[in-house]
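Encoded as structure tokens, the structure appears first; notes follow it.
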Amino acid sequence: MQAGSSYGYTLLWVITLSTAMLILLQHNAAHLGIVSGYCLSEAIYRYMPRWLAYPALGSAIIAAASTALAEIIGTAIALQLLFHLPLVIGSALTAIVAMVMVFTNSYARIERWIAAFVALVGVSFMIELLLVPTDWGQALVSSFNPQVPPSSMVLIMGVLGAVVMPHNLFLHSEIIQNQRVNQQGEATIRSRLRYEFLDTLFSMGIAWVINSSMLIVAADTFYRSGTTVTDLAQAAALLVPIAGPAAGLLFAVALLFAGLASSITASIAGGTIVSGLIGHHADKNNRITQVGIVLVMGVAWLATLFIQDTFQALILSQTLLSMQLPITVACLLYLTSSRRVMGEHRNHGIEATLLYLIGAVIVVLNIMLIVQNFRP
């Protein structure tokens, strides 16, 4: 929201770039699970030196907790907007509901719940787009025209971290490896790799549309009126006089379901990373992973009690994700490029080139963030 309210359509290219990067990285994480039979956290523990594995997984746990923190805050704000619940009660309710859904549903059912939540978010923002005037030509140009306005790197990295979340790479590989495709023969592995790439391409394409629509709505409503959003509740309130009463309600509904879906995925990912950290098989149905889920959600909820500026906490949490991302990507590329881990299915050719280019882009963007923040 702040990216759109501060810079209009200018940063739409970040969503496009981040989505393209996520498609390749998500497929690569699934590639690891399909071929090796290990999820990313298990493979890091099994194949990487301990002095690298422990810091990598430790930082990934912090990133998962940071994601859970942001999503708990977002959902609590939505509950406050819809039902006037205090933030402290809304955050506790969010953490409890997320854990109940994780512990009482299978992976397949959780995927269906999340798909339904994402669909509701998408529908909400599609309706929002109908309520505001949009310059579609300029939006299209900005989606593919990289520009870096002064003092925008924090928001650029925040958008990158919000789209390419490290915990999703761990989670996706874990869900895939639990299907035990590696035990079903070479023909099945090759078929599943092709299907999984098309599935990732389709789902990430939908995510690109939803994420872009969020920024466009913010640009059309706030940027045009000269209003910079500094609070999610403020954003909902300001939408009403600009786009009508339905806009504020739709924004709150979208925020609720987006936050709940991501709280669930962040908690499961945190649990699998904790399992990998101590060398256990990652599965949300085993005790170690369940302890990790409760630990990540508990730490995230406790952190919400000490936050004064929720909006800045959201932005900083996403920036933290983008700074951890190079570590996770480096581990993933090391593993999926290893003949010992992947055999003949290791990264090679144009795929390897693109993946390493993604890693380089992420590192360069992080360096730009540091330089911009510490430049006198």
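The opening residue of the sequence shown carries number 212 in the working numbering; numbering runs sequentially from there. Using N, Cα and C, we set each Cβ at its ideal position, and we do this for glycine too.
By the 10 Å Cβ neighbour count, where 16 or more other Cβ atoms means buried, how is residue 436 classified, buried or exposed? exposed
Note down the Cα distance separating residue 508 from residue 320, rounded to an integer number of angstroms. 20 Å
Suppose the cutoff is 7 Å on Cβ atoms and the five residues either side in sequence are ignored; what does the same chain contact list for residue 340 look like? 424, 427, 428
Whole angstroms is fine: what's the gap from residue 514's alpha carbon to residue 238's? Rounded to the nearest angstrom, the two C-alpha atoms are 33 Å apart.
Give the DSSP-derived three-state secondary structure of residue 374 in the structure shown. helix
Would you be able to state if there are at least three C-beta pairs under 8 Å between the segment 398-413 and the segment 559-573? no
CB of residue 376 within 8 Å of CB of residue 580, strictly: no
In terms of residues, what are the limits of the alpha helix (DSSP H) holding residue 501? 498-515
In whole angstroms, what separates the C-alpha of residue 244 from that of residue 388? 4 Å
Across the segment 463-474 and the segment 487-495, are there enough close Cβ pairs to call them in contact, namely three or more that are closer than 8 Å? no
From what residue to what residue does the alpha helix (DSSP H) around residue 456 run? For residue 456, the enclosing alpha helix (DSSP H) begins and ends at 456-488.
Between the CA atoms of residue 316 and residue 496 - distance to the nearest angstrom: 10 Å
Could you compute how far the alpha carbon of residue 280 sits from the alpha carbon of residue 547? 30 Å
Return helix, strand or coil for residue 239, following the three-state DSSP convention. helix
Does the beta-carbon of residue 218 have 16 or more other beta-carbons within 10 angstroms, so that it is buried, or is it exposed? buried
Please identify the residue among 378, 332, 255, 225 whose C-alpha is closest to the C-alpha of residue 572. 225
Identify which residue in 236, 228, 213, 298 has its Cα closest to the Cα of residue 562. 236
Chain-order list of residues whose beta-carbon lies under 6 Å from that of residue 518 (same chain, five-residue window excluded): Same-chain partners within the cutoff: 524.
With distance defined between alpha-carbon atoms, name the residue in 249, 350, 327, 459 nearest to residue 473. Selection 249, 350, 327, 459 evaluated against residue 473 yields 327 as nearest (Cα-Cα).
For residue 357, three-class secondary structure by DSSP: coil
Can you give me the C-alpha to C-alpha distance between residue 285 and residue 252, rounded to a whole angstrom? 27 Å
Buried versus exposed call for residue 362 [16 or more other C-beta atoms within 10 Å across all chains shown]: exposed
Whole-angstrom Cβ separation of residue 272 and residue 485, contact assumed at under 8 Å? The beta carbons of residue 272 and residue 485 sit about 6 Å from each other, so the pair counts as a contact at 8 Å.
Am I right that residue 371 and residue 539 are in contact with their C-beta atoms under 8 Å? What's the rounded C-beta distance? So it is not a contact: roughly 13 Å between Cβ atoms.
Suppose contacts are defined by Cβ-Cβ distances below 8 Å. Is residue 258 in contact with residue 464 by that definition? no
Tell me the rounded alpha-carbon separation between residue 240 and residue 529. 21 Å
Output needed for residue 531: all residues of its chain with C-beta closer than 8 Å, excluding positions within five of it in sequence on either side, in chain order. 273, 274, 277, 372
Hey, residue 479 and residue 382 are a contact pair by Cβ (cut 8 Å); roughly how many whole angstroms apart? Approximately 6 Å separates the beta-carbon atoms of residue 479 and residue 382; this is inside 8 Å, confirming the contact.
In its own chain, which residues sit with a C-beta less than 6 Å from the C-beta of residue 333, not counting the 5 before and 5 after it? 421
Mapping the DSSP letters down to three states, classify residue 297 as helix, strand or coil. coil
Where do the ends of the alpha helix (DSSP H) carrying residue 328 lie? 318-342
Provide the residue span of the alpha helix (DSSP H) that contains residue 534, from first to last. 521-547
Sub-8 Å separation of residue 267 and residue 255 beta-carbons: Yes.
Below 8 Å on the Cβ atoms is my contact criterion, and I expect residue 313 with residue 504 to pass it. Report the Cβ-Cβ distance as a whole number of Å. Their Cβ separation, rounded to whole angstroms, is 6 Å, which keeps residue 313 and residue 504 in contact under 8 Å.
If we ignore side chains and look at the alpha-carbon of each, how far apart do residue 576 and residue 358 end up? Between residue 576 and residue 358, the C-alpha separation is close to 13 Å.
Note down the Cα distance separating residue 477 from residue 570, rounded to an integer number of angstroms. Their backbone Cα atoms lie some 22 Å apart in a straight line.
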